[in-house]
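Structure, as structure tokens:
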Amino acid sequence: MSYHKFLDPELIIPISRSSTTAFRTGSWSRIRPVFEEKFSPCSVACPTANNIASAMFKISQGDFDGALAAFLEESPLPGVCGRVCNHNCQSKCNRNDHDSSVRIRTIERSASDHGTAKPVQLTDAGKKLPVAVIGSGPAGLAAAYHLARMGHPVSLLEASERLGGLLAMGIPGYRLPKKVLNHDIERILTLDIKPITNHTVDHEGLEKLLDSHKAVLLATGTWAPTTMGIPGEDLKGIIPGLDFLLDSSIQAQVKGRNVIVIGGGNTAIDASRVAMRNGAATVSILYRPDLDALPDSDDEVCEAEEEGILRIPSHPMEFIGEKGEICSIRCREIVQAEYSNNCISSSKPNIEFKELFPCDVVITAIGQTLVASSLHSSLQQEYGRIVADRQGRTARKGLYVAGDAGPFQATVVDAMASGKRAAVSIHLELTGSMDETSTALLDSGRTFSIMDMFKTGPKRNSDASAKINRYSYLTASETTPQCSPTIAADERVCGFQEVVGGLESKEATAEAGRCFYCGSCIGCDLCATFCPDVSMCQESGKTAYEADPEHCKGCGACAAACVRGVLEMGEEQ
Amino acid sequence: MKKFITGNHAVAEAVRLCRPDVVAAYPITPQTPIYEQLADWDSAGELGGTMVKVESEHSAMATCLSASLTGVRTFTATSSQGLALMHEMLHFAAGSRTAVVMAVVNRSLAAPWAFWSDQTDSLSQRDTGWLQLYCEDNQEALDTTIQAFKIAEELMLPVMVMLEANFISHFMEPTEVPEPDQVDEWLLPVNIPRRFDLSNPGFMNGVVSAKQYRDFRRLASDAMEHALTVVERVDKEYESTFGRSYGLVETVDCADAELVLVTTATITSTARVALASLRSKGIKVGLCKLRLFRPFPVKALRDVLDNAPRVAVIERNISIGREGIFCSEIKSALINSPGRPKIQGYLAGIGGTDVNTQLIEWVVQDAITREVFVDQPIWVDDAVLEGEAQ
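The listed protein sequences correspond, in order, to chains F and Z. First residue of the first sequence: 1, per our numbering; consecutive thereafter. First residue of the second sequence: 574, per our numbering; consecutive thereafter.
As structure tokens, this is what we get:
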């Protein structure tokens, strides 16, 4: 066949045997992918902003040490929170729309059970600026931990003989074994923290501390019972909930007796279950749907009901006694309207109303308030708490408040969160580095991340969580969460053994593998795979992907492929 | 060996004989039996090569053209909506100078939805740079498919082979299926350049300058013009081995004809019968069957029609807003004819309606006696025929 130019394979189509880099497609657009790790919805829901996605990914890879380190970035008590946290995180899990949330609390516990890690020092800028923390509950421990990580020598003062505050004294061992708490506390004490127990601080003591330290944080909690203001409250046999939980000799008195607990929150549930374990003949909870707090999570209500505890909606009007001792409670009927917002699924409001509830012991658990002491009375109070702003700053310079003593939500994790915010506020104030950005981060946002405060570059917005690519749901198979082993109700009421067990490491790995890692880059490489210009690259030693500006034409394929919402399209910088 | 088979089956037989390396297709009525037959043979291990399952015709064509660039023999088949969906990739297949062969079963395009014979689907792809051959019957469909591989691979241009819905795709006819040895000898193993080659990686179709683009188009156009020679030569080579040939156009009784009727595809067979009847009545009518549409065989047509006093084009397609597409092409091909034949377009059989001998005779009578040739097409339907009968 004769030669024809139009049949010469080298001439009839444009073909390059060198590289596509000759085509500078980067000039086509000003739009570029922006790599930015974001808060996952669970992290935003977590008051201490735990980096859950990162911890989940590490456990899914079998790295329990790395996962524990990730939790310790924001929170010093993974063993505690892995058991008693009210896990707001799980209600915001994107997996809820797919099958069922990842059991994040259980995984935090697994990280603590199976991993080892040390706290990481963030800076030593605070090393000549000592701070005193009064109270060693969750707020005090968290504040001391973070202050020490920022270099401050910390004096941690505790009125009782051991550290832990409410965690040590108020939460029964079947929910939080002492050795777990102690393990967390020992880790905190590896930092520059000087614990001083059996040390009560009064007004005078506070003044001294303010002289000897650059700042003082009050984290004394609320230990005084609230009264109901109804007749007969002074009868014998009526015991405040916290007193009951603190004192085993009082607990022993309920053996064989009929016990009624009044209140709806954690203390009420704990007190009733402790009474059951101390051999009470019957235990009922009377809760006022319109007034009483609800327990932090359904799990505990279910467990209490399994143990034979009745929960009855009712409204005590009067304690009736005989020879100075309580013998019954007179109630009024609950009207329907009082249920409006306050009924949870496992409550049984269909129990027939009774006017008189006979009983031998009444435990009141309707909330606590500040102890009336010279320390507290010198400070401005409102609604039974010390007045402070979001950073925990009181009217007095150098004096901060965190936890239940301040105007913060009364849960373990919220107390820890307020301790962290106060610690950072103290640090920035003492080192003269409080600026507009820091103030904004401390004063706003649904959650607060200390790691963000110390990272360079733009800070994440905690009011907006990562927008996950919902197509990822289509490829994920529906799975059932791993079940934690639980002791049967009739067996567990005989003692104080921990009711819910932890997962084996293999089960934990499987559970963490259910996580979508929203907002976190896990190096899945989808962005690079789908880039038509081979321009997405991961710099060696770095996790971030970056588009090569010479060749990225801003098509957005990478951002569409990023199931975790880390890459989004934006203007060229 | 003679087999009594449908046109779809005949195409599948031809494809199997040509030993394709890659077949990627997506089912669509009325093409599906081609795909199914090939799939049956594939699962029985009788096809050889690789059948690729795809999610759409667009991907079927993307698969075939990419495979062709690796230097292998490729085939696909589609129809109507499937062809329309493929449109973008058709340009890529031709612009990349691939040798993809595709059978297109001509079917009406939606809307409204229908499954009848209509050529507008493939004629809409006129400007994609593919060769187009229209077949009259099952045998021609088989023979043209075998020829198409040779043509495509020589020119590095993709080829479409058209068979009409139902009339060819589903009607059974005795069809001569050549022996495999014969076809192997006639159609040598594929030998096209491996432009995608793992050992010599390359990036194709990067952005080009305006001048470069123009020059590539020019080369494709030159290759298409050269195709006229290649199609004709391959047809003759085929005849010398298999004893059958079709030409670019075929003529019957045109030498003394006062009117030449131009047809394509299945209408031709009916016209042959009508023509015999008309000739027996002393009417001097000839028949010209157009087989090749792209490249358009201008010279071959002018050889036949330059001196014909009258031409009637009868066809089963329409470019709405103008007329039958073949008619427009023929008018433009004859614009420089010294004899300036009068040309009248007739639309018949659109939507797969029946084009019978009575209808064709009416067209011939109308064209041969007509005093005024009009620019618009004449719709030949039942009402026209009944009106004439009264």
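Glycine is no exception: its CB is placed at the ideal position from the N, C-alpha and C atoms.
_Please return the same chain residues whose Cβ sits closer than 6 Å to the Cβ of Z:V750, not counting the five positions on each side in sequence._
Counted from its first residue, the second sequence places residue 750 of chain Z at position 177. Around Z:V750: M574, K576 and E586.
*According to the neighbour-count rule (16 or more other Cβ atoms, all chains shown, within 10 Å of its Cβ), is F:I12 buried or exposed?*
Within the first sequence, numbered from 1, the residue matching residue 12 of chain F stands at position 12. It counts as buried.
*Can you give the beta carbon distance from F:V412 to F:P138, rounded, assuming they're within the 8 Å contact cut?*
One-based indexing of the first sequence puts residue 412 of chain F at position 412. One-based indexing of the first sequence puts residue 138 of chain F at position 138. Sure, about 5 Å apart at Cβ, within 8 Å.
*F:T480 touches chain Z at which residues, Cβ-Cβ below 7 Å?*
In the first sequence, residue 480 of chain F corresponds to position 480, counting from 1. By Cβ distance, chain Z contributes nothing, its closest Cβ being about 32 Å from F:T480, past 7 Å.
*Does the count of Cβ pairs from the segment 397-404 of chain F and the segment 420-435 of chain F closer than 8 Å reach three?*
yes
*Where do the ends of the beta strand (DSSP E) carrying Z:T837 lie?*
What you label residue 837 of chain Z is simply residue 264 of the second sequence in a count that begins at 1. Taken as a continuous stretch (DSSP letters only), Z:T837 belongs to no beta strand (DSSP E), as it is neither H nor E.
*Thinking just about the alpha-carbon of each residue, which of Z:A800, Z:A676 and Z:N764 is nearest to the one in Z:I724?*
By one-based count along the second sequence, residue 724 of chain Z stands at place 151. Among Z:A800, Z:A676 and Z:N764, the Cα nearest to that of Z:I724 belongs to Z:A800.
*Secondary structure at Z:I741, three-state DSSP: helix, strand or coil?*
Along the second sequence, read from residue 1 onward, the residue named residue 741 of chain Z stands at position 168. If DSSP states are grouped into helix, strand and coil, Z:I741 belongs with coil.
*Member of Z:R913, Z:D808, Z:Q698 and Z:I840 whose CA lies at the smallest distance from the CA of Z:E888*: Position 315 of the second sequence, counted from the start, is the residue given in the question as residue 888 of chain Z. With distances taken between Cα atoms, Z:E888 lies closest to Z:I840.
*Which residues bound the beta strand (DSSP E) around Z:F577?*
Looking up residue 577 of chain Z in the second sequence gives position 4. Taken as a continuous stretch (DSSP letters only), the beta strand (DSSP E) holding Z:F577 covers K575 to T579.
*asked:* Considering only their Cβ atoms, is the gap separating F:S520 from F:F57 smaller than 8 Å?
replied: The residue labelled residue 57 of chain F in the question sits at position 57 within the first sequence. The residue labelled residue 520 of chain F in the question sits at position 520 within the first sequence. Going by C-beta atoms, F:F57 is nearer than 8 Å to F:S520.
*List the DSSP bridge partners of Z:L569.*
Residue 569 of chain Z is absent from the structure shown; chain Z starts at 574 and stops at 963.
*The alpha helix (DSSP H) enclosing Z:T605, as first and last residue numbers*: Sequence index remark: in the second sequence, residue 605 of chain Z carries index 32 (1-based). Residues T605 to S616.
*asked:* For F:T447 and F:P41, I'd like the C-alpha separation in whole angstroms.
replied: Walking along the first sequence from the start, residue 447 of chain F turns up at place 447. Walking along the first sequence from the start, residue 41 of chain F turns up at place 41. For F:T447 and F:P41, the distance between alpha carbons rounds to 11 Å.
*Sorry if obvious, but does the Cβ on F:G324 come closer than 7 Å to a heavy atom of the ligand FAD?*
You won't find the ligand FAD in this model; it holds no ligand whatsoever.
*Note down, in chain order, all residues in the segment 773-789 of chain Z with a beta-carbon under 8 Å from any beta-carbon belonging to chain F.*
N773, P774, G775, F776, M777, N778, G779, V780, V781, Q785 and F789
*Answer yes or no: does any C-beta atom of chain F fall closer than 8 Å to that of Z:P762?*
Taking the first residue of the second sequence as position 1, residue 762 of chain Z is located at position 189. It does not: the Cβ of Z:P762 has no partner Cβ on chain F nearer than 8 Å.
_For the segment 859-872 of chain Z against the segment 830-848 of chain Z, do three or more pairs of beta-carbon atoms, one drawn from each stretch, fall closer than 8 Å, so that the two count as touching?_
yes
_For the segment 23-48 of chain F, list every residue whose C-beta sits within 7 Å of some C-beta in chain Z, in sequence order._
F23
*Local conformation of F:W28 per DSSP, three classes*: Counting from one through the first sequence, the residue named residue 28 of chain F turns up at place 28. The answer is helix: DSSP assigns F:W28 an H, G or I state.
*asked:* By the 8 Å beta-carbon criterion, what residues does the segment 636-667 of chain Z contribute toward chain F?
replied: none
*Apart from the five residues on each side of it in sequence, which residues of its chain come closer than 6 Å, Cβ to Cβ, to Z:V588?*
The residue labelled residue 588 of chain Z in the question sits at position 15 within the second sequence. Once the five neighbours on either side are set aside, the close Cβ partners of Z:V588 are F648.
*asked:* Can you tell me where the beta strand (DSSP E) holding F:F64 begins and where it ends?
replied: Against the first sequence, residue 64 of chain F aligns to sequence position 64. Run containing F:F64: none in the beta strand (DSSP E); it sits in the alpha helix (DSSP H), F64 to E74.
*Given F:Y383 as reference, the closest of F:L567, F:E511, F:F408 and F:I262 once Cα atoms are compared*: Counting from one through the first sequence, the residue named residue 383 of chain F turns up at place 383. Measuring from the Cα of F:Y383, the nearest candidate turns out to be F:F408.
*Count the C-beta pairs between the segment 775-784 of chain Z and the segment 10-30 of chain F that are closer than 8 Å, then say yes if the count reaches three, no if not.*
yes
*CB Z:M624 to CB Z:L642, shorter than 8 Å?*
Within the second sequence, residue 624 of chain Z is the residue found at index 51, counting from 1. Within the second sequence, residue 642 of chain Z is the residue found at index 69, counting from 1. Result no, Cβ atoms of Z:M624 and Z:L642 do not sit closer than 8 Å.
*asked:* I'd like to check one pair, F:L163 with F:M416: are the Cβ atoms closer than 8 Å?
replied: Looking up residue 416 of chain F in the first sequence gives position 416. Looking up residue 163 of chain F in the first sequence gives position 163. Against a cut-off of 8 Å, the Cβ pair of F:L163 and F:M416 comes out as no contact.
*Neighbouring residues, chain F, relative to Z:R768 (Cβ below 8 Å)*: By 1-based counting over the second sequence, the position of residue 768 of chain Z is 195. Going along chain F in sequence order, the residues near Z:R768 (Cβ under 8 Å) are P9, I13 and I15.
*Which one or two residues does DSSP pair with F:C537 in a beta bridge?*
Walking along the first sequence from the start, residue 537 of chain F turns up at place 537. F:C537 pairs with F:E546.
_Can you check which of these residues, Z:N679, Z:E758, Z:P762 and Z:L874, is closest to Z:P914 by C-alpha distance?_
The count along the second sequence starts at 1 and reaches residue 914 of chain Z at position 341. Z:P914 has its Cα closest to that of Z:L874, out of Z:N679, Z:E758, Z:P762 and Z:L874.
*Amino acids of chain Z, ordered along the chain, whose beta-carbon sits closer than 9 Å to that of F:K118*: Your numbering for residue 118 of chain F matches position 118 in the first sequence. None at all; the shortest Cβ gap to chain Z is about 49 Å.
_Segment contact flag, the segment 685-704 of chain Z with the segment 712-719 of chain Z, C-beta cutoff 8 Å, min 3 pairs_ = no
*So who's on the other strand from Z:A714, going by DSSP bridges?*
In the second sequence, counting from the first residue as 1, residue 714 of chain Z sits at position 141. Answer is none; Z:A714 lacks a bridge partner.
*chain Z within 8 Å of F:T20, Cβ atoms only*: As a working note, residue 20 of chain F is residue 20 in the first sequence. Interface residue, yes.
*For F:H551, go through chain Z and note every residue whose CB falls closer than 9 Å to its CB, in chain order.*
Here residue 551 of chain F refers to the residue found at position 551 when the first sequence is read from its first residue. Simply none; closest approach about 12 Å.
*Does the beta-carbon of Z:Q571 have 16 or more other beta-carbons within 10 angstroms, so that it is buried, or is it exposed?*
It is not possible to answer for residue 571 of chain Z, since the shown part of chain Z is limited to 574 through 963.
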